[in-house]
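Chemist: Shown below is the structure under consideration.
Number of protein chains: 2
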Amino acid sequence: MNLDSFFVKSALIPAIVQEADTREVLMLAYMNRESLQKTLDTGYTWFWSRSRQELWNKGAVSGHLQRVKDLYYDCDEDTLLVMVRQTGAACHTGHHSCFYRRLEGESFGE
Amino acid sequence: MNLDSFFVKSALIPAIVQEADTREVLMLAYMNRESLQKTLDTGYTWFWSRSRQELWNKGAVSGHLQRVKDLYYDCDEDTLLVMVRQTGAACHTGHHSCFYRRLEGESFGE
Numbered sequence: 009m010n011l012d013s014f015f016v017k018s019a020l021i022p023a024i025v026q027e028a029d030t031r032e033v034l035m036l037a038y039m040n041r042e043s044l045q046k047t048l049d050t051g052y053t054w055f056w057s058r059s060r061q062e063l064w065n066k067g068a069v070s071g072h073l074q075r076v077k078d079l080y081y082d083c084d085e086d087t088l089l090v091m092v093r094q095t096g097a098a099c100h101t102g103h104h105s106c107f108y109r110r111l112e113g114e115s116f117g118e
Numbered sequence: 009m010n011l012d013s014f015f016v017k018s019a020l021i022p023a024i025v026q027e028a029d030t031r032e033v034l035m036l037a038y039m040n041r042e043s044l045q046k047t048l049d050t051g052y053t054w055f056w057s058r059s060r061q062e063l064w065n066k067g068a069v070s071g072h073l074q075r076v077k078d079l080y081y082d083c084d085e086d087t088l089l090v091m092v093r094q095t096g097a098a099c100h101t102g103h104h105s106c107f108y109r110r111l112e113g114e115s116f117g118e
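Line by line, the protein sequences are chains A and B.
Using our numbering, you'd call the opening residue of the first sequence number 9 and step up by one each time.
Using our numbering, you'd call the opening residue of the second sequence number 9 and step up by one each time.
Here it is as structure tokens:
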């Protein structure tokens with residue numbers, strides 16, 4: 009697989025991060041070509057921070073690293089799914105997942 | 009929750025779609041304000057198709073609808089996680105999930 013093919017349409021593609029064992033979705037972040045390469049080379053997740061405009065080794069500061077177990081890509085080759093083993097919390101708020109809030113007031117039936 | 013808050017930074021935000029029962033990640037698509045509202049109103053997923061530039065009721069043509077069971081949003085309020093019950097295949101290739109290909113040639117330890 010030529011990694012360039014992921015970045016034909018856009019220099020940044022979304023990467024869904026999922027806990028390998030429980031399948032809990034932890035977060036979504038963005039990868040460019042370089043962060044994907046560093047993820048593959050190191051076995052830990054690297055992203056491109058859109059707010060700070062820099063490469064970002066998830067957990068390098070907090071210690072909450074994500075060890076990559078598997079990496080999948082979708083049919084359109086413009087989204088990644090990264091299966092990880094998360095150390096500590098994925099979310100900067102301290103929650104294990106960034107998706108800790110449910111959209112309230114909505115009923116979706118059975 | 010004011011839905012507008014999701015669209016402050018961008019008119020389109022990624023929505024991860026996950027099978028409610030098995031927690032398999034099925035696909036990622038994009039929602040604008042109107043598609044999110046229609047998803048909430050109907051209980052089935054609606055997206056904004058970036059390629060066709062139109063609202064898209066997932067499964068309206070194929071019959072492979074996604075019944076929404078729950079909807080979460082992340083800490084930054086710029087990504088949605090939609091828990092669904094998928095009818096048939098989520099992927100237009102016939103695979104249940106769009107993430108049916110593993111990035112080959114990579115070893116992630118263990």
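Don't be surprised by glycine CBs; every beta carbon is placed ideally from N, CA and C.
From the beta carbon of residue 30 of chain A, is the nearest beta carbon of chain B less than 9 Å away?
Modeler: Position 22 of the first sequence, counted from the start, is the residue given in the question as residue 30 of chain A. Yes, because at least one Cβ of chain B sits closer than 9 Å to the Cβ of residue 30 of chain A.
Chemist: Within the stretch 26–56 of chain B, note down every full beta strand (DSSP E) run reaching 3 residues or more, in order along the chain.
Modeler: 33–39
Chemist: Quick check on residue 1 of chain A: buried or exposed, where buried means 16 or more other Cβ atoms within 10 Å of its Cβ?
Modeler: In the structure displayed, chain A extends from 9 to 118; residue 1 of chain A sits before or after that span and is not available.
Chemist: Locate the beta strand (DSSP E) running through residue 80 of chain B, then write down its first and last residues.
Modeler: For the purposes of this step, residue 80 of chain B is taken as residue 72 along the second sequence, with counting starting at 1. Taken as a continuous stretch (DSSP letters only), the beta strand (DSSP E) holding residue 80 of chain B covers 74–81.
Chemist: Taking a Cβ distance cut-off of 8 Å, strictly less, list which residues of the stretch 31–43 of chain B are near chain A, in chain order.
Modeler: 31, 32, 33, 35, 36
Chemist: For residue 94 of chain B, which beta-bridge partners are listed by DSSP?
Modeler: Position 86 of the second sequence, counted from the first residue, corresponds to residue 94 of chain B. BP columns for residue 94 of chain B point to B:74.
Chemist: Counting only C-beta atoms, is residue 100 of chain A closer than 9 Å to chain B at any point?
Modeler: Taking the first residue of the first sequence as position 1, residue 100 of chain A is located at position 92. Interface residue, yes.
Chemist: How would you write the range of the beta strand (DSSP E) that residue 65 of chain A sits in, first residue to last?
Modeler: The residue given as residue 65 of chain A occupies position 57 in the first sequence. Segment 62–65, the beta strand (DSSP E) holding residue 65 of chain A.
Chemist: For residue 11 of chain A, name the three-state secondary structure that DSSP assigns.
Modeler: Locating residue 11 of chain A in the first sequence gives position 3, where the first residue counts as 1. Three-state result, residue 11 of chain A: helix.
Chemist: From the DSSP output, in three-state form, read off residue 89 of chain A for me.
Modeler: Counted from its first residue, the first sequence places residue 89 of chain A at position 81. Three-state result, residue 89 of chain A: strand.
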